[in-house]
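Report on the structure given below.
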Amino acid sequence: MIDISNKETLVSYLKEKDIIREGQNYDLKYCAGGVSGTVVFLSLEDKDLIIKQSLSKLKVKEDWKCDPSRMYVEQLSNKIYHDIAPDCVPEVLFYDSTNYIYGRIAAPDHCRMWKEDLMDNILDFLVAKQSIEALVKVHNKCNKDEYVRTEFEDKKIFYDLRISPYIEFTVKKHPQFNQIANILSKELMDQSITLVHGDYSPKNIMCDGRKIFILDFEVAHYGNPVFDLAFFANHFVLKSIKFPKQNLSYLNMLDYMLDIYFKESNYEKKDEVLSYFVKLLGMLMLARVDGKSPVEYLVNDEPKKSLVRTIASTLMTSEITDYKKAIELIKFLEK
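Be aware that the sequence shown starts at 802, since it is given in the working numbering, and climbs by one per residue.
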């Protein structure tokens, strides 16, 4: 298996595959910030590409390993997302199963992560609308799709990258939530309802003005869509805690997106699976302060981390299952 983190190796590989043609001008740069693989931006004369290779050991402080064959999952789920929502998902160009490398059309180089806008207190409701509508389209379209079910039935990568580090690792520090954690883990691993992105977040949505590009599909699996919804929602709740003066703006945006999702989703078992949303949101909040992947903008802020734990604990032990009541409770606890 080659290692594309070596620039000479990468250039030789791309020339062998005729992606870089002899005598063609090109420019490539390595992208920072990824923990699960090597990512390269390749600019050619006629198009820009992203080249990705998955790693077997993630670049985090804790010992966190994962099967690199997840790159097959990522490129295929990227293709499916592109088929369903072509206006906001880049096209896949190739996949190399020997070296766990795939290439796709790049989002424009001048794009910003939606996360960056949100961290700058820029809340664009059109971006929010496009993001949640794309997610619900995929959840609806892939429900009862036997081809998608078969291709994504293996949940090992999801377990390695989400259940183990976000739930099992976290609950070791909070054993009082063992029962809730076990119920949530079983629900997420046992249900096979639709294609779940597994990493749907503002970090993986790029913005070119008000046009979006959805990226990073390596945790995709055929499972329980409530994970995507709670994982996505968590980012807005955490930012409402990070920015107390603008907290209502983030929570109102979340409420707006959840309204769209609950109105437009029509897959089987919808009411049953979404009844776990509130408790799962609480569990994932706790994971972002005490799990293997703590959110970077709260790491050194103990009072806000304590507030996250308070809200998370309240959501997990509450009888609330309605998302609107949950948001009102969060607003109350953040006062």
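Beta carbons are placed, not taken as given, at the ideal position from N, Cα and C, and that holds for glycine.
Just so it is clear, the structure is predicted and the values come from calculations on it, not from any experiment.
1) Assess contact between the region 1078–1095 and the region 965–978, defined as three or more Cβ pairs (one per stretch) separated by less than 8 Å. Is contact present?
2) Looking at C-beta atoms only, is the number of pairs between the region 923–939 and the region 1017–1025 that lie closer than 8 Å three or more?
3) Just the Cα atoms here: how many angstroms apart are Val1100 and Lys1106?
4) Enumerated in chain order, which unbroken segments of the beta strand (DSSP E) with a length of 3 residues or greater are wholly contained in the region 968–998?
5) Would you list the residues sitting across from Val840 in a DSSP beta bridge?
6) May I have the straight-line CA-CA distance separating Asn1048 from Lys1132, to the nearest angstrom?
7) Counting beta carbon pairs with one atom in the region 1052–1068 and one in the region 1005–1022, are three or more of them shorter than 8 Å?
8) Taking only runs that begin and end inside the region 995–1035, name each unbroken beta strand (DSSP E) of 3 or more residues, in chain order.
9) Taking 8 Å as the threshold (C-beta atoms), are Val949 and Leu989 in contact?
10) Of all the options Asn879, Glu846, Asp847 and Ala833, which has the alpha carbon lying nearest to the alpha carbon of Asp1000?
11) Taking all protein chains shown into account, decide if His911 is buried (16 or more other Cβ within 10 angstroms of its Cβ) or exposed.
12) Does the Cβ of Lys808 have 16 or more other Cβ atoms within 10 Å, making it buried, or fewer, making it exposed?
13) Looking only at C-alpha atoms, which of Pro1003, Ile805 and Lys1071 sits nearest to Tyr1051?
14) Can you grab the Cα-Cα spacing for the pair Glu823 / Val893, in whole Å?
15) Considering only DSSP beta bridges, list what Tyr903 is partnered with.
16) Pop quiz: Phe978 and Val874 are said to be a contact at Cβ under 8 Å. What is the actual Cβ separation, rounded to whole angstroms?
17) Exposed or buried, Phe1032, counting other C-beta atoms within 10 Å across all chains shown (16 or more means buried)?
18) Just reading off the beta strand (DSSP E) that Asp1190 is part of, what are its end residues?
19) Looking at C-alpha atoms only, which residue of Glu817, Lys853, Asp961 and Leu815 is the closest neighbour of Ala833?
20) Rounded to a whole number of angstroms, what is the C-alpha to C-alpha distance between Ile1128 and Pro887?
21) Hey, could you find the ends of the alpha helix (DSSP H) Thr1111 is sitting in?
22) By the DSSP assignment, the alpha helix (DSSP H) with Lys916 in it spans what residues?
23) Which class does Leu845 belong to by DSSP, given the choice of helix, strand or coil?
24) Using a threshold of 8 Å, state whether the C-beta atoms of Ile933 and Met1058 are closer than that.
25) Leaving out the 5 sequence neighbours to the left and right, which residues in its chain are closer than 6 Å to Glu863 when beta-carbon positions are compared?
26) Indicate the three-state DSSP secondary structure (helix, strand or coil) for Asp884 in the structure shown.
So, from the data block:
1) yes
2) no
3) Working through the sequence shown from its first residue, we reach residue 1100 at position 299. Working through the sequence shown from its first residue, we reach residue 1106 at position 305. Computed Cα separation, rounded: 8 Å.
4) 995–997
5) In the sequence shown, counting from the first residue as 1, residue 840 sits at position 39. Answer is Lys853.
6) Your numbering for residue 1048 matches position 247 in the sequence shown. Your numbering for residue 1132 matches position 331 in the sequence shown. If you take the alpha carbons of Asn1048 and Lys1132, they lie about 8 Å apart.
7) no
8) 995–997, 1006–1009, 1012–1015 and 1022–1024
9) Taking the sequence shown and counting its residues from 1, one reaches residue 989 at position 188. Taking the sequence shown and counting its residues from 1, one reaches residue 949 at position 148. For Leu989 and Val949, no; Cβs fall outside 8 Å.
10) To locate residue 1000, count along the sequence shown from 1; it is residue 199. Closest option to Asp1000, Cα to Cα, is Asn879.
11) Within the sequence shown, residue 911 is the residue found at index 110, counting from 1. The residue in question, His911, is exposed, as its Cβ has fewer than 16 Cβ neighbours within 10 Å.
12) Here residue 808 refers to the residue found at position 7 when the sequence shown is read from its first residue. Under this definition Lys808 is an exposed residue.
13) Position 250 of the sequence shown, counted from the first residue, corresponds to residue 1051. Of Pro1003, Ile805 and Lys1071, the residue nearest in Cα terms is Pro1003.
14) Taking the sequence shown and counting its residues from 1, one reaches residue 823 at position 22. Taking the sequence shown and counting its residues from 1, one reaches residue 893 at position 92. Glu823 and Val893: Cα-Cα distance of roughly 23 Å.
15) Stepping through the sequence shown from its first residue, residue 903 is reached at position 102. Beta-bridge pairing by DSSP links Tyr903 to Lys853 and Tyr896.
16) Working through the sequence shown from its first residue, we reach residue 978 at position 177. Working through the sequence shown from its first residue, we reach residue 874 at position 73. Actually they are not in contact, since the Cβ atoms of Phe978 and Val874 sit about 29 Å apart, beyond 8 Å.
17) In the sequence shown, residue 1032 corresponds to position 231, counting from 1. Buried, because 16 or more other Cβ atoms sit within 10 Å of the Cβ of Phe1032.
18) Residue 1190 lies beyond the range of the chain shown here (802 to 1136); nothing can be said about it.
19) Residue numbering aside, residue 833 sits at position 32 when the sequence shown is read from its first letter. Per the Cα distances, Lys853.
20) As a first step, residue 1128 must be located in the sequence shown, where it is residue number 327. As a first step, residue 887 must be located in the sequence shown, where it is residue number 86. Those two C-alpha atoms are separated by around 32 Å.
21) On the sequence shown, residue 1111 is found 310 positions in, with the first residue counted as 1. Its alpha helix (DSSP H) spans residues Glu1103 to Thr1118.
22) Numbered from its first residue, the sequence shown carries residue 916 at position 115. Trp915 to Met920 is the span of the alpha helix (DSSP H), which, as asked, contains Lys916.
23) By 1-based counting over the sequence shown, the position of residue 845 is 44. Reduced to three states, the DSSP call for Leu845 is strand.
24) Within the sequence shown, numbered from 1, the residue matching residue 933 stands at position 132. Within the sequence shown, numbered from 1, the residue matching residue 1058 stands at position 257. In this structure, Met1058 lies closer than 8 Å to Ile933 by Cβ.
25) Translated into positions along the sequence shown, residue 863 becomes position 62. The predicted model places Glu863 with a pLDDT of 48, which falls under 50 and marks its position as unreliable; any figure quoted below should be read in that light. Here the set comprises Lys1093.
26) In the sequence shown, the residue the question calls residue 884 occupies position 83. Three-state DSSP puts Asp884 in a helix.
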